[in-house]
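Colleague: One structure, pasted below without further comment.
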């Protein structure tokens, strides 16, 4: 049934009441009687009432009440009242009662207000037969009817302003002390969000009545004031009132909402003490609490404690297991099996949870069995939630056609059911199908997409990078005046950033009023994706200034970007912010910081953080080893591997690849054979990356025959394996084998990539095959649609330089679209020294010094060019300039394997 708000005529008449004041400094009594209409009588109350904003007297005694009845007193105050002496004498006869409600006396001095009206405001409990001529039975009857009318008004109340009016009139009728009405007022204030008023009412009725405390707890919970629920619960324990089942139940639910597991455990202890832990409703709340925090064992113990288990208790377990997305979701079906053995049948909520579990597990058969059970038992035939769960389950299991069939057969389709299908199509990458069902949804009657629908459709556009559909959807949102909430705006920002339209993304970001951590992360990732590192840093600075707490995703994006560019200064700044927010306690964050410092070559910082980690995982050991390998400390990397073995950690493929790289630097083949045997024993031969690392390591250690045997023994050879073997042949100068493998790749329809061409061109350069090199270089763009990059131009310059074709090499560099030509120019300068072309060498050297004035190798090459031609004065000037700039030549070194160790020279 629907209720209509009470009109003014439905309330007991109390004269000219004003609109209620604001919620701040609210006092219902003051509001009920402080009728500040400019009259003299209203000023009297403002002067005398203790709660008035304009009071003149802090307290009023009985003698002052007597003096107020004298004509002199009233005339001295400037008041004229129309009452005769008899009326005032009768009123003063109940003076002792009026002192408890002194504010009603102010109505005596309101001009032109008859005595009959005043009596309506007097507390019914103070009226006697001598005052009003009524019997006690009539008074009780009037009081009962007034209370019932106020209860009806409270039940029909629709907003807090009207509620304050009703509250004021309850006081004016002297019904403010009735616990039942105060309990109703407490519920209404909590429902309308009047937290201050609800506290005021509760403190007025506070006593050791458990029902009143439970009513307050329930009201606060329904209004969403979960902190107040826990405060009342603590007060119940402190005052020794005794906790009841409802207090424990809603206390547990509040702990779930506030994500406070420790308080929930203490409530569980209280339930155990009073013997309520075996209650099925409290047990269900305990099960939900522990599942919320992933504590399966505690939830199972709480379930075992329930003596009389019913469908609700079993369903709580099923729902808890269904929330997991891993193998733990299978527990939902096991619980249902036990439930059926107890003779209990599943209800609609149970089936919805089972469908959710089947969707997480991708168990099509079990989900279909649940569907058949619902059809046989006629459960949820027209239920929207169950039908939506069916669509979601079939879509997650990959049965898109069945999900669409269920959706078509549904008479009353909901937005949620459409969202389930569109979301799954978007996740599967079927963007066209997602857009098709979105169009079908719009054709439905009285069904409009919400922000979730549009976010899923936008994600579908992102999968195929459909920029035109993105702008069309954005325009559709604007035409339909759909409010851009945080979810929808964040999705649009992410999509525009992926489409390299950061200006549009920034406009949307700037229009957001409330920016949370997620939208900041999206903007930071977008700028980094577009290569705008400085803009990403600025956004991160704004995030810190606006007190938006960075999380793991923020740190991952920033540290990965700074590691790639090798900027240790900015990386240290991010490290400081991570330390400030306590994120370094996360092991993954610590590993990322280590990785960043390792990429920047700061091995001391890597070692310091590594030593601070108490519980090291494989990633920690791998990052530490990679840090040593990156700076050429292969011995330290192998020593770190031995330490890891002593801790009992089993190496994975990443550790093995890093260890192979270390031994490739050392050039010792014997340890590589041991690693090779370990790879076979641990069945890592199927890992392509591990086998490719093994091939290149054998090649660098001089065992090209073993590398070739490993390659031929591989079953699933991918393009990376072919590139590795070609590079191995190229290291040893086997150009014929390189070209043969390149031709074999073409026969097996393997399309070469940039790495393939780099290895082939490098082999041609070492072998001096100019024509073959030119032919392969020219075919990159024309035949294979691979744009030549810096390393390819360097290989061609080296090839032409070795062949003495210096002018052609110089013209190739000048005509290339390369932004950074320093490497190619350095290669050409070395060729000028070999072929004693001093004139071209001087020209290239001057250009190279302009490009790299702080590289000592360039000065060494220039000095050698001048010395080769006998121009010793210029050679000396070059080294003088280098020394003035603080540069020195870096000495080279070589490794020679002697018995079981490698010695450097």
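Numbering (my numbering), first residue to last: 17 to 921.
No residue lacks a Cβ here, since even glycine has one placed at the ideal position from N, Cα and C.
Just verifying my parser: in three-state terms, what is the DSSP assignment at residue 886?
Modeller: Numbered from its first residue, the chain shown carries residue 886 at position 870. Coil at residue 886, not helix or strand.
Colleague: Between the alpha carbons of residue 148 and residue 169, how many angstroms are there, rounded?
Modeller: Numbered from 1 along the chain shown, position 132 holds the residue referred to as residue 148. Numbered from 1 along the chain shown, position 153 holds the residue referred to as residue 169. Note on residue 148: pLDDT 43, under 50, position unreliable in the model; no value is reported.
Colleague: Pick from 788, 404, 307 and 537: whose alpha carbon is nearest that of residue 574?
Modeller: Taking the chain shown and counting its residues from 1, the one referred to as residue 574 is at position 558. Looking at the Cα atoms, 537 is the closest of the given residues.
Colleague: By DSSP, does residue 321 sit in helix, in strand, or in coil?
Modeller: The residue you call residue 321 lines up with position 305 of the chain shown. DSSP places residue 321 in helix when its eight states are reduced to three.
Colleague: Candidates 243, 486 and 631: which alpha carbon is nearest residue 663's?
Modeller: By one-based count along the chain shown, residue 663 stands at place 647. In this structure, 631 is the residue among 243, 486 and 631 with its C-alpha nearest to the C-alpha of residue 663.
Colleague: Can you say whether residue 229 is buried or exposed, counting buried as having 16 or more other CB atoms within 10 angstroms of its CB?
Modeller: As a first step, residue 229 must be located in the chain shown, where it is residue number 213. The residue is buried, with at least 16 neighbouring Cβ atoms inside 10 Å.
Colleague: What are the boundary residues of the alpha helix (DSSP H) that includes residue 443?
Modeller: Residue 443 sits at position 427 when you count from the first residue of the chain shown. Taken as a continuous stretch (DSSP letters only), the alpha helix (DSSP H) holding residue 443 covers 431 to 443.
Colleague: On a CA-only basis, which of 701, 335 and 648 is nearest residue 672? Give me that one, please.
Modeller: As a working note, residue 672 is residue 656 in the chain shown. Just measuring C-alpha positions, the residue of 701, 335 and 648 sitting nearest residue 672 is 701.
Colleague: Looking at the structure shown, is residue 660 part of a helix, part of a strand, or coil, going by DSSP?
Modeller: If you number the chain shown from 1, residue 660 lands on position 644. Three-state DSSP puts residue 660 in a helix.
Colleague: Just how far apart, CA to CA, sit residue 418 and residue 546?
Modeller: Here the question's residue 418 lines up with position 402 in the chain shown. Here the question's residue 546 lines up with position 530 in the chain shown. If I take the Cα positions, the gap works out to 41 Å.
Colleague: One question on the structure: do residue 709 and residue 676 come within less than 9 Å of each other, judged by their Cβ atoms?
Modeller: For the purposes of this step, residue 709 is taken as residue 693 along the chain shown, with counting starting at 1. For the purposes of this step, residue 676 is taken as residue 660 along the chain shown, with counting starting at 1. Yes, they are a contact pair.
Colleague: Whose C-alpha, out of 328, 641 and 317, is nearest the C-alpha of residue 655?
Modeller: On the chain shown, residue 655 is found 639 positions in, with the first residue counted as 1. It is 641 whose Cα lies nearest to the Cα of residue 655.
Colleague: Going straight from the alpha carbon of residue 341 to that of residue 439, what length do you get?
Modeller: In the chain shown, residue 341 corresponds to position 325, counting from 1. In the chain shown, residue 439 corresponds to position 423, counting from 1. Cα-Cα distance, rounded: 17 Å.
Colleague: Which stretch, first to last residue, makes up the alpha helix (DSSP H) that contains residue 275?
Modeller: The residue you call residue 275 lines up with position 259 of the chain shown. Unbroken run through residue 275: none, as it is neither H nor E.
Colleague: Taking the C-alpha atoms as reference points, what is the distance between residue 516 and residue 322?
Modeller: Taking the first residue of the chain shown as 1, we reach residue 516 at position 500. Taking the first residue of the chain shown as 1, we reach residue 322 at position 306. Distance between the alpha carbons of residue 516 and residue 322 is about 58 Å.
Colleague: In or out: residue 535 buried (at least 16 other Cβ within 10 Å) or exposed?
Modeller: As a working note, residue 535 is residue 519 in the chain shown. Counting the other CB atoms within 10 Å of its CB gives residue 535 a total of 16 or more, which places it among the buried residues.
Colleague: If distances are taken between C-alpha atoms only, which option among 315, 320 and 324 comes closest to residue 335?
Modeller: Within the chain shown, residue 335 is the residue found at index 319, counting from 1. Nearest option by C-alpha distance: 315.
Colleague: Quick check on residue 114: does DSSP put it in helix, strand or coil?
Modeller: On the chain shown, position 98 is the one that residue 114 refers to. Its pLDDT being 39, under 50, residue 114 is placed unreliably in this model, and the coordinates cannot settle the point.
Colleague: Between the C-alpha atoms of residue 247 and residue 204, what's the straight-line distance to the nearest angstrom?
Modeller: Translated into the one-based positions of the chain shown, residue 247 becomes position 231. Translated into the one-based positions of the chain shown, residue 204 becomes position 188. C-alpha separation (whole angstroms): 19 Å.
Colleague: Where do the N-terminal and C-terminal ends of the alpha helix (DSSP H) with residue 703 fall, by residue?
Modeller: Your numbering for residue 703 matches position 687 in the chain shown. Segment: none, residue 703 is in no alpha helix (DSSP H) and carries neither H nor E.
Colleague: Using 8 Å as the threshold, is the stretch 685 to 698 in touch with the stretch 717 to 736, meaning 3 or more CB pairs across them?
Modeller: yes
Colleague: Considering just the uninterrupted stretch of the alpha helix (DSSP H) at residue 459, what are its terminal residues?
Modeller: Here residue 459 is taken as the residue at index 443 of the chain shown, counted from 1. Run containing residue 459: 447 to 459, per the alpha helix (DSSP H) assignment.
Colleague: Quick check: the Cα distance between residue 400 and residue 426, rounded to an integer number of angstroms?
Modeller: Position 384 of the chain shown, counting from 1, holds the residue named residue 400. Position 410 of the chain shown, counting from 1, holds the residue named residue 426. If you take the alpha carbons of residue 400 and residue 426, they lie about 9 Å apart.
Colleague: Helix, strand or coil for residue 119, going by three-state DSSP, please let me know.
Modeller: Position 103 of the chain shown, counted from the first residue, corresponds to residue 119. Its pLDDT being 42, under 50, residue 119 is placed unreliably in this model, and the value from its coordinates should be taken loosely. Three-state DSSP puts residue 119 in a helix.
Colleague: With DSSP collapsed to three states, give me the class of residue 249.
Modeller: Residue numbering aside, residue 249 sits at position 233 when the chain shown is read from its first letter. Residue 249 falls in the helix class under three-state DSSP.
Colleague: Taking the alpha helix (DSSP H) that residue 545 belongs to, which residues open and close that run?
Modeller: Residue mapping note: residue 545 aligns to position 529 of the chain shown, counting from 1. Taken as a continuous stretch (DSSP letters only), the alpha helix (DSSP H) holding residue 545 covers 533 to 545.
Colleague: Just the C-alpha distance for residue 761 and residue 772, rounded to the nearest angstrom, thanks.
Modeller: For this step, residue 761 is matched to residue 745 along the chain shown. For this step, residue 772 is matched to residue 756 along the chain shown. Distance between the alpha carbons of residue 761 and residue 772: 10 Å.
Colleague: If you run the structure through DSSP and keep just helix, strand and coil, what is residue 617?
Modeller: Looking up residue 617 in the chain shown gives position 601. Reduced to three states, the DSSP call for residue 617 is coil.
Colleague: Of the choices 256, 455, 823 and 268, whose alpha-carbon is the least far from that of residue 234?
Modeller: Along the chain shown, read from residue 1 onward, the residue named residue 234 stands at position 218. The closest CA to that of residue 234, considering only 256, 455, 823 and 268, is found on 268.
Colleague: Kindly indicate which three-state DSSP category residue 723 falls into: helix, strand or coil?
Modeller: Within the chain shown, the letter at position 707 stands for residue 723. Helix, per DSSP.
Colleague: Judging by CA-CA distance, which residue of 242, 255 and 290 is the nearest neighbour of residue 261?
Modeller: Taking the chain shown and counting its residues from 1, one reaches residue 261 at position 245. Looking at the Cα atoms, 290 is the closest of the given residues.
Colleague: Quick one: residues in its chain with C-beta nearer than 7 Å to the C-beta of residue 302, no 5 flanking neighbours on either side, listed in chain order?
Modeller: One-based indexing of the chain shown puts residue 302 at position 286. Cβ neighbours of residue 302 beyond the five flanking positions: 268, 284 and 318.
Colleague: In three-state terms, what does DSSP make of residue 757?
Modeller: Along the chain shown, one-based indexing puts residue 757 at 741. Residue state, collapsed to three classes: helix.
Colleague: Who are the near neighbours of residue 741 in its chain, counting only those whose CB is closer than 8 Å to its CB and skipping five residues on each side?
Modeller: For the purposes of this step, residue 741 is identified with residue 725 of the chain shown, where counting begins at 1. Closer than 8 Å at the Cβ level, and outside the excluded window around residue 741, lie 711, 723, 724, 727 and 757.
Colleague: Rounded to whole angstroms, what is the Cα-Cα separation between residue 595 and residue 253?
Modeller: The sequence position of residue 595 within the chain shown is 579, counting from 1. The sequence position of residue 253 within the chain shown is 237, counting from 1. Spanning the two alpha carbons is a distance of roughly 40 Å.
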